[in-house]
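Each remark here refers to the structure printed beneath this line.
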Amino acid sequence: MVSPRPVGLMLLLIIARVSRGAGIGFRFASYIDNYMVLQKEPSGAVIWGFGTAGATVTVTLCQGQETIMKKVTSVKGPSNTWMVVLDPMKPGGPFEVMAQQTLETTNLTLRVHDVLFGDVWLCSGQSNMQMTVLQIFNASKELSDTAAYQSVRIFSVSLTQAEEELADLDGVDLSWSKPTAGNLGHGNFTYMSAVCWLFGRYLYDTLQYPIGLVSSSWGGTPIEVWSSRRALKACGVPNTRDERVLQPEIKPMRNGCESKESSCPFRRFVPCDPVAGPATHSVLWNAMIHPLQNMTLKGVVWYQGENNANYNRDLYACMFPALIADWRQTFHSGSQGQTERFFPFGFVQLSSYLLMNSSDYGFPEIRWHQTADFGSVPNPKMPNTFMAVAMDLCDRDSPFGSIHPRDKQTVAYRLHLGARAVAYGEKNLTFQGPLPKKIELLARNELLNLTYDQEIQVQRKDNKTFEISCCSDHQCKWLPAPVNTFSTQTLILDLSACLGTVDAVRYAWTTWPCEYKQCAVYHTSSVLPAPPFTARITHRGI
């Protein structure tokens, strides 16, 4: 999609970036446009842009002929930016936003129309977040199912890198739009993010008010490129500037669609090799996240981790909570305190991947590190977060490789359950699978009793899913621990394979833990799988 650029072209791009924010003209920020969704009450939405230093800017919110409010500010130097915070608004619309710059006798006016107030969610990550609606199961049906969701508006950021933090986006792939078959399925790994769209759609079904979805993702990227330098420094991440090969530019082709209209979906040829993206630290934070900092958000959803399975893996348990904390601080400050200081942050725990080496622990360890080594969220290191477990959504026949499973509907459904519970405070809603709350040795250490925090359904009994660390002569080895018996909330493992001391237990600790929706333990609803875990064992229970 993006090819390496010659030095001369890079110099021109740098000049263009400087001039764009240098007050050459009076304009809104790049993401303030027709059809946008602004954050509703209790927060105030931020409207900002560029202008001539010293000029007065008046921002007016209108509905029809009625003026709802006016805000007056001035263009500040040397950034040549202006900003206002609107009064909190109830969900709904449409509205018009007008900005007028006055300098001596010169007036300039900007307008954006069909603006809604609702909840704004930012979606980011790598290729599993970047996969479009065109690439998922039942794509034709999903692409045609837009009529009822015209108040779910979508926006997609261009793939751009920068060595320093940008004030505004350098490019927009999809400006704020109502959903259509064309912009939901523009191509493969382009726009619109399927997980993001489906998450917003599920939220809209529940909330019944406008939802704004901002997609900013790039496939084949490690977490380091999405992290600021200060966040990486806090985790002692080595500074590297090595570049991966960028995604090749692939020309879009029409796919069985005779129409020349924009609603006709594109299909792109996808190479067999996994999607590759930039690896230079902080370049996507600088270009694709930092420019959004003034936007008032409800929350963020994130799907990333595959590219850290073999890159700074052991630092992920620090880097991910650090990224969350840093994004929260940045968006809170950038929005003049309007984005909540600890806004909700949801993420997808890694799905499955077919590997030749079945003993590779990259994926299971990243899954664990995604929870800051707690096994579940929210937790003390990751407050106000929610997680969608996806290890049971494997797809060995995916044309995009097994690392890109096509069932994004279930991913988004599980994410939206977490959002309803954590972000919206819905009570008595089960949004995550069962985890052991007590583990104790029984019957002369021949059995291990696991008591879960909720009722369980054991869908499959095998000799592989649970393992124990068996230690003898100062050496430990992981051995299978078959399920002996189970009841409503407890599960008992057989330890007879261990002739030494049982030191630890773990569950689903493989890259491919089970076949599609057939993992061993679920909530009784069968909808939510138990997440993987590992735990040390003591005689007193833990």
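Heads up: the sequence shown runs through residues -21 to -1, 1 to 521, numbered per mature numbering (1 follows the signal peptide of the UniProt record, and there is no 0). Idealized CB from N, CA, C, for every residue including glycine. Small disclaimer: the values here were computed from a predicted structure and weren't measured.
Give me the Cβ distance between residue i and residue j, rounded to the nearest whole Å; I'm assuming they're in contact under 8 Å.
i, j, result
"residue 427", "residue 460", "7 Å"
"residue 216", "residue 294", "6 Å"
"residue 188", "residue 392", "The Cβ separation is near 20 Å, so there is no contact."
"residue 373", "residue 330", "7 Å"
"residue 200", "residue 286", "6 Å"
"residue 474", "residue 481", "6 Å"
"residue 281", "residue 322", "Between residue 322 and residue 281 the Cβ distance is about 12 Å, and since that is not below 8 Å, they are no contact."
"residue 148", "residue 270", "5 Å"
"residue 328", "residue 177", "Not quite, the Cβ-Cβ distance comes to about 17 Å (not below 8 Å), so this is no contact."
"residue 14", "residue 155", "4 Å"
"residue 278", "residue 398", "7 Å"
"residue 352", "residue 490", "Between residue 490 and residue 352 the Cβ distance is about 19 Å, and since that is not below 8 Å, they are no contact."
What is the residue span of the beta strand (DSSP E) that residue i lies within?
i, result
"residue 92", "85 to 104"
"residue 449", "445 to 451"
"residue 502", "500 to 502"
"residue 279", "278 to 282"
"residue 507", "Premise fails: residue 507 is in no beta strand (DSSP E) and is neither H nor E."
"residue 10", "Here residue 10 belongs to no beta strand (DSSP E), and DSSP marks it neither H nor E."
"residue 455", "454 to 459"
"residue 191", "190 to 196"
Please classify residue i as buried or exposed, where buried requires at least 16 neighbouring CB atoms within 10 angstroms.
i, result
"residue 150", "exposed"
"residue 127", "exposed"
"residue 456", "exposed"
"residue 341", "buried"
"residue 289", "exposed"
"residue 48", "exposed"
"residue 165", "buried"
"residue 19", "buried"
"residue 248", "At residue 248 the pLDDT is 31, less than 50, meaning the model places this residue with poor confidence and gives no usable figure here."
"residue 109", "buried"
"residue 359", "exposed"
"residue 235", "Confidence in residue 235 is poor, its pLDDT being 32 and thus under 50, which makes the residue's placement unreliable; the coordinate value appears in the next sentence. So residue 235 counts as exposed."
"residue 472", "buried"
"residue 504", "exposed"
"residue 422", "exposed"
"residue 447", "buried"
"residue 384", "buried"
"residue 320", "exposed"
"residue 522", "Here the chain covers residues -21 to 521 and nothing more, so residue 522 does not appear."
Quick check on this structure: which residue in the options has the alpha carbon closest to the alpha carbon of residue i?
i, options, result
"residue 435", "446, 44, 411, 124", "411"
"residue 256", "104, 29, 124, 327", "104"
"residue 67", "317, 331, 112", "317"
"residue 172", "202, 208, 133, 124", "133"
"residue 492", "349, 8, 502, 369", "369"
"residue 377", "292, 114, 438, 94", "114"
"residue 570", "458, 503, 443", "Residue numbering for the chain in the displayed model covers -21 to 521; residue 570 lies beyond these limits and cannot be assessed."
"residue 333", "397, 375, 498", "375"
"residue 53", "43, 38, 305", "38"
"residue 179", "118, 148, 101, 212", "101"
"residue 510", "282, 154, 347, 382", "347"
"residue 356", "407, 380, 300", "300"
"residue 548", "91, 6, 429", "Outside the shown range of the chain, which is -21 to 521, sits residue 548, and nothing can be said about it."
"residue 433", "485, 397, 500, 443", "500"
"residue 87", "387, 93, 140, 78", "78"
"residue 207", "197, 259, 156", "259"
"residue 516", "478, 418, 468", "418"
"residue 212", "141, 145, 297, 163", "297"
"residue 28", "444, 10, 123, 484", "10"
"residue 478", "497, 454, 416", "454"
Provide the residue span of the alpha helix (DSSP H) that contains residue i, from first to last.
i, result
"residue 305", "295 to 313"
"residue 176", "173 to 186"
"residue 389", "387 to 397"
"residue 162", "160 to 163"
"residue 515", "Note, residue 515: premise wrong, no alpha helix (DSSP H); beta strand (DSSP E) at 512 to 515."
"residue 211", "208 to 213"
Could you tell me whether the Cβ of residue i comes closer than 9 Å to any Cβ of chain B?
i, result
"residue 159", "The structure shown contains no chain B; it is built from a single protein chain."
Taking the runs of the beta strand (DSSP E) that are 3 residues or longer, which of them lie wholly in the stretch 318 to 344?
Within the stretch 318 to 344, the runs of beta strand (DSSP E) at least 3 residues long that lie entirely inside it are, in chain order, 324 to 327.
Starting from the N-terminal side, write out each stretch of the alpha helix (DSSP H) that is 4 residues or longer and does not extend beyond the stretch 98 to 151.
Runs of the alpha helix (DSSP H) inside the stretch 98 to 151: 106 to 109, 118 to 123.
Which complete beta strand (DSSP E) runs does the stretch 19 to 88 hold, if anything under 3 residues is left out?
Here the runs fully enclosed are 25 to 29, 35 to 42, 45 to 53, 60 to 64, 71 to 82.
Give the list of continuous beta strand (DSSP E) stretches no shorter than 3 residues that lie fully inside the stretch 347 to 433.
For the stretch 347 to 433, whole beta strand (DSSP E) runs of length 3 or above, ordered along the chain, are 364 to 367, 415 to 421, 426 to 431.
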